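Protein chains in written order, with the working numbering: chain W, 3 to 375; chain F, 3 to 375. Each remark here refers to the structure printed beneath this line.
Number of protein chains: 2
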Amino acid sequence: MRAAVYGVGTTMFGKQPDKGGPELARQAVYEALADAGVDSVDAVFAGTVFGAPGTAQRALQTVGITEVPIVTIENACASGTTAFHEACSAVASGRYGRVLALGIETMTLHFTGPILPEATDADGRQGMAMPSIYAMSAARYQAEHGVTDEQLALVSVKNHRHGTANPRAQHAGELTVEQILGSRMIADPLTLLQCCAISDAAAAAVVGPERGVSRDVPVRATVLRSGKLWDHRTPHVWGYDIVRDTAAAAYEQAGIGPSDVDVLEVHDAFTIGEIVTTEALGLAPLGGGAELCQSGHTWLGGRQPVNPSGGLLSRGHPLGATGLAQLAEIVWQLRGDAGGRQVEGARLGLVETMGGGTAGVDGNGCVVAILGG
Amino acid sequence: MRAAVYGVGTTMFGKQPDKGGPELARQAVYEALADAGVDSVDAVFAGTVFGAPGTAQRALQTVGITEVPIVTIENACASGTTAFHEACSAVASGRYGRVLALGIETMTLHFTGPILPEATDADGRQGMAMPSIYAMSAARYQAEHGVTDEQLALVSVKNHRHGTANPRAQHAGELTVEQILGSRMIADPLTLLQCCAISDAAAAAVVGPERGVSRDVPVRATVLRSGKLWDHRTPHVWGYDIVRDTAAAAYEQAGIGPSDVDVLEVHDAFTIGEIVTTEALGLAPLGGGAELCQSGHTWLGGRQPVNPSGGLLSRGHPLGATGLAQLAEIVWQLRGDAGGRQVEGARLGLVETMGGGTAGVDGNGCVVAILGG
């Protein structure tokens with residue numbers, strides 16, 4: 003049985019330490035239930051990375067969701083999308099009828115950063131935080147493919163501009179390549195404005211079996227994989243293989259190819275992330291990801307807009323909430339509800355989130371979901 | 003299709019900060035794979051409460067388990083059993099073939115305790131840690147049912163004695179009621195030796211479809227529920243209703259009643275917990291839980307031994323690992339592999355874990371599993 007998204011909801015994105023996780027989750031769930039036109043679900047899968055135990059249960063009791071199975075999931079940055087994947091799989095197998103997928107993160111309350119690998123791991127011992135790991139990918143990628151700092155920065159220009167049409171985005175604006183390259187250096191070559199921000203937010207989706215309601219968005223595929231063994235001598239930069247393999251399985255499940263996708267939300271935690279990801283998703287050949295942005299292909303108005311919401315760079319990256327925020331954007335796009343950032347005639351959308359993976363594996367987890375059609 | 007447990011494994015239980023979560027998990031997984039006679043699985047569900055993101059992935063790469071879906075689950079003290087439930091459900095629905103369920107907790111490394119509800123919750127604002135919440139249950143229970151401090155303490159005498167036959171237990175010994183009541187007061191009426199200890203450990207199980215191997219242990223039922231709304235004016239003490247309702251569904255799924263069960267591992271995080279839980283599981287009427295222990299019914303050699311492993315009080319309570327440690331004990335018991343703590347002729351076993359639930363809900367989650375037969 004094929005799953006469909008009945009409704010979605012999100013909070014605002016940004017630093018909002020005055021609101022706890024339960025309150026943010028309540029807002030997102032309330033909006034998703036109302037959007038779906040339902041007031042109960044059979045089970046809940048909630049994604050969070052650093053959230054306090056019981057956050058989902060505390061939120062759900064306030065909207066009357068108790069007694070049902072509630073499973074909280076951690077899968078690094080892919081936590082929210084993993085919750086969505088589990089929800090869709092449960093519906094598809096007939097295990098549950100209607101399922102709520104929820105993502106919650108309150109980084110200003112529960113995150114003392116930087117995100118460091120464990121001291122027991124080689125990269126943890128070296129003191130490498132996530133920006134350093136992405137920076138090493140960027141440096142290697144630039145060396146291998148001749149991509150310039152300006153080309154990296156352009157991804158951030160695009161996503162911050164996209165964010166200006168998203169009233170819920172955390173950091174939106176008309177930035178120039180010069181402004182982005184002139185911002186504080188975080189980990190060479192990645193400057194501050196090429197790194198996603200600390201954020202608090204929640205996002206939710208109600209999923210159920212297809213029910214013949216035109217507003218519902220069919221789930222064509224969801225695939226979850228973890229990474230292969232990886233080290234710096236591996237042919238591709240970190241994160242490429244896991245996204246490529248997950249996407250390949252998702253395209254096969256959906257019966258489509260990369261060129262069929264009209265709009266994408268992908269994991270641009272850092273500018274280099276979007277470039278490598280768009281290649282791994284098959285939008286461009288190896289080394290061609292920067293050109294996708296430079297040519298306008300991935301801008302709103304282009305052939306395949308990537309991160310019309312502003313992405314992680316502009317909307318913000320509340321870890322466990324991100325996957326469901328991406329999903330909400332794609333649902334709005336496919337319904338034609340995306341306002342000033344609407345991709346005209348969008349029929350098929352793709353969500354990709356890649357999480358963690360710094361101690362010898364090429365990603366802790368990656369989820370690719372394909373919706374619509 | 004019915005699931006069966008092919009193999010189980012655990013580490014030692016205790017404070018072992020020299021070993022990180024990945025190393026403990028590796029030990030448990032290695033033993034479970036060897037016990038199952040397999041070297042690969044199709045998916046992994048890992049339970050942990052405070053473990054670092056990616057702990058499961060770091061462990062699994064060392065035994066060659068990569069690329070498959072890996073989902074880490076938090077469900078308070080029921081995290082490990084929830085992972086087991088998800089694994090069994092995935093097998094039963096045909097979603098996956100062979101699945102690994104894993105529980106990991108490194109409390110000495112990742113837990114700064116006490117476990118406090120969030121400050122945004124009423125009980126969090128009141129500064130109530132888990133011992134205080136159980137202590138209030140105990141005080142109310144004593145007032146309602148005339149149970150004495152000595153009767154509470156006897157549960158701890160039993161479980162510490164059971165633990166003397168478990169070479170992996172953290173704190174085992176021949177203790178007297180006087181010693182237990184004479185230990186430091188933690189939260190009246192609960193003294194130190196009535197509270198489970200901070201522990202580091204991992205435990206694992208390989209689950210798959212029944213395959214006609216006599217050593218495999220069939221899974222007759224697994225049920226996961228979250229709590230109803232609860233406050234102190236509710237008819238039963240905190241935790242009773244969720245366990246009763248989860249157990250009722252599990253008994254129905256298994257087609258058995260409470261008296262059919264030969265051996266049980268239940269959530270005795272505090273002495274009062276075992277008393278209330280054995281009632282909620284239907285072994286005794288309301289108010290009769292203390293008598294079950296006093297009469298010898300729940301001792302090794304009695305009619306329905308409870309916590310032959312020593313339980314949380316003696317084996318230890320590494321939060322996310324506990325559920326799979328309980329499961330491993332029941333598997334060993336049903337196979338006749340439990341050595342000096344073997345329940346003779348055990349044919350049907352039950353695992354119960356109840357987690358969290360302090361902010362208006364009667365438990366964040368409870369899992370009851372019934373095995374064997």
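Glycine included, C-beta positions come from ideal geometry on N, C-alpha and C. Just so we're clear, the structure is a prediction, and the values are computed from it rather than from any experiment.
CA nearest to the CA of residue i, picked from the options
i: C198 of chain W; options: W:G351, W:H319 and W:A348; result: W:H319
i: G271 of chain W; options: W:A137, W:A92 and W:A27; result: Before going on, a small fix: residue 271 of chain W reads as Ala here, not Gly. When each option's Cα is compared against that of A271 of chain W, the closest is W:A137.
i: H269 of chain F; options: F:G313, F:T178 and F:Q181; result: F:G313
i: R163 of chain W; options: W:A371, W:G23, W:D364 and W:T300; result: W:T300
i: C295 of chain F; options: F:P310, F:D190, F:I277 and F:L288; result: F:I277
i: A250 of chain F; options: F:E331, F:I372 and F:E146; result: F:I372
i: R227 of chain F; options: F:A78, F:D41 and F:A141; result: F:A78
i: T84 of chain W; options: W:I135, W:E281, W:Y143 and W:T248; result: W:T248
i: G96 of chain F; options: F:G241, F:R170, F:E76 and F:P211; result: F:P211
i: G257 of chain W; options: W:T224, W:L266, W:L288 and W:A282; result: W:T224
i: V159 of chain W; options: W:E293, W:L177 and W:Q344; result: W:L177
i: Q196 of chain W; options: W:I244, W:Q172 and W:L154; result: W:L154
i: N161 of chain F; options: F:Q344, F:V369, F:R317 and F:E354; result: F:R317
i: V201 of chain W; options: W:A5, W:R305 and W:G53; result: The sequence shown places Ser at residue 201 of chain W, rather than the Val named in the question. Comparing Cα-Cα distances from S201 of chain W to each of W:A5, W:R305 and W:G53, the minimum goes to W:G53.
i: R235 of chain F; options: F:G362, F:R100, F:Q18 and F:A92; result: F:G362
i: T57 of chain W; options: F:G367, F:P169 and F:G375; result: F:G367
Residue i: contacting residues in chain W (beta-carbon distance under 9 Å)
i: N366 of chain F; result: P55, G56, A58, Q59, R60, I72 and T74
i: V31 of chain F; result: None at all; the shortest Cβ gap to chain W is about 14 Å.
i: K17 of chain F; result: Ordered by position in chain W, no residue passes the 9 Å Cβ test against K17 of chain F, which lies about 17 Å from the chain.
Heavy atom of the ligand PLP within 7 Å of residue i beta-carbon
i: G22 of chain W; result: Although the ligand PLP was asked about, the structure shown includes no ligands whatsoever.
Residues that residue i bridges to, as DSSP identifies them
i: I106 of chain W; result: W:A204
i: N161 of chain F; result: Its beta-bridge partners do not exist; DSSP assigns none.
i: T355 of chain F; result: F:V369
i: A323 of chain F; result: None, per the DSSP bridge assignment.
i: V363 of chain F; result: F:L231
i: P211 of chain F; result: F:A5
i: F113 of chain F; result: According to DSSP, which records beta bridges pairwise, F113 of chain F is partnered with nothing at all.
i: G49 of chain W; result: W:I75 and W:G105
i: V219 of chain W; result: W:V7
i: G2 of chain F; result: In the structure displayed, chain F extends from 3 to 375; residue 2 of chain F sits before or after that span and is not available.
DSSP three-state assignment for residue i, whether helix, strand or coil
i: R460 of chain W; result: Lying outside 3 to 375, the shown extent of chain W, residue 460 of chain W is not represented and no answer is given.
i: V333 of chain F; result: helix
i: P237 of chain F; result: coil
i: E267 of chain F; result: strand
i: T12 of chain F; result: strand
i: P19 of chain F; result: coil
i: C295 of chain W; result: helix
i: P55 of chain W; result: coil
i: R343 of chain W; result: helix
i: G39 of chain W; result: coil
i: V149 of chain W; result: coil
i: C90 of chain F; result: helix
i: E69 of chain F; result: coil
i: G313 of chain F; result: helix
i: L192 of chain W; result: strand
i: M130 of chain F; result: coil
i: G184 of chain W; result: helix
i: L350 of chain W; result: strand
Partner residues on chain W for residue i, Cβ-Cβ distance less than 7 Å
i: T166 of chain F; result: The premise fails here: T166 of chain F is roughly 32 Å from chain W at the closest Cβ pair, so nothing lies under 7 Å.
i: V363 of chain F; result: Q59, Q63 and T68
i: L231 of chain F; result: Q63 and T68
i: T84 of chain F; result: V73
Beta-carbon neighbours of residue i, restricted to chain F and to distances below 7 Å
i: S228 of chain W; result: Q59, T68, E69, V70, P71 and I72
i: E88 of chain W; result: V73
i: T77 of chain W; result: The sequence as given places Asn at residue 77 of chain W; Thr does not occur at that position. Per Cβ cutoff of 7 Å: V73 and T74.
i: R97 of chain W; result: S91 and S95
Closer than 8 Å at the beta carbon, the chain W residues around residue i
i: V51 of chain F; result: P55
Interface residues of chain F facing residue i [CB-CB closer than 8 Å]
i: G358 of chain W; result: P55, G56 and Q59
### Task
Evaluate contact between the stretch 335-351 of chain F and the stretch 40-59 of chain W, counting only Cβ atoms and requiring at least three cross-stretch pairs below 8 Å.
Contact between the stretch 335-351 of chain F and the stretch 40-59 of chain W is absent: fewer than three C-beta pairs spanning the two stretches fall below 8 Å.
### Task
Would you be able to state if there are at least three C-beta pairs under 8 Å between the stretch 101-112 of chain W and the stretch 18-25 of chain W?
Verdict: yes, contact present.
### Task
Give, in chain order, every residue of the stretch 292-305 of chain F whose Cβ lies closer than 9 Å to some Cβ of chain A.
Any reference to chain A falls outside this structure, whose protein chains are W and F.
### Message
Would you call the stretch 213-228 of chain W in contact with the stretch 58-72 of chain W, where contact means no fewer than 3 C-beta pairs closer than 8 Å?
### Response
Here the stretch 213-228 of chain W makes no contact with the stretch 58-72 of chain W; the two share fewer than three CB pairs at distances below 8 Å.
### Query
Should the stretch 318-338 of chain F be called in touch with the stretch 239-248 of chain F, which here means at least 3 C-beta pairs below 8 Å?
Segments in contact, no.
### Sufficient close CB pairs (3 or more, under 8 Å) joining the stretch 25-34 of chain W to the stretch 168-186 of chain W
Under the Cβ criterion (8 Å, minimum of three pairs), the stretch 25-34 of chain W does not count as touching the stretch 168-186 of chain W.
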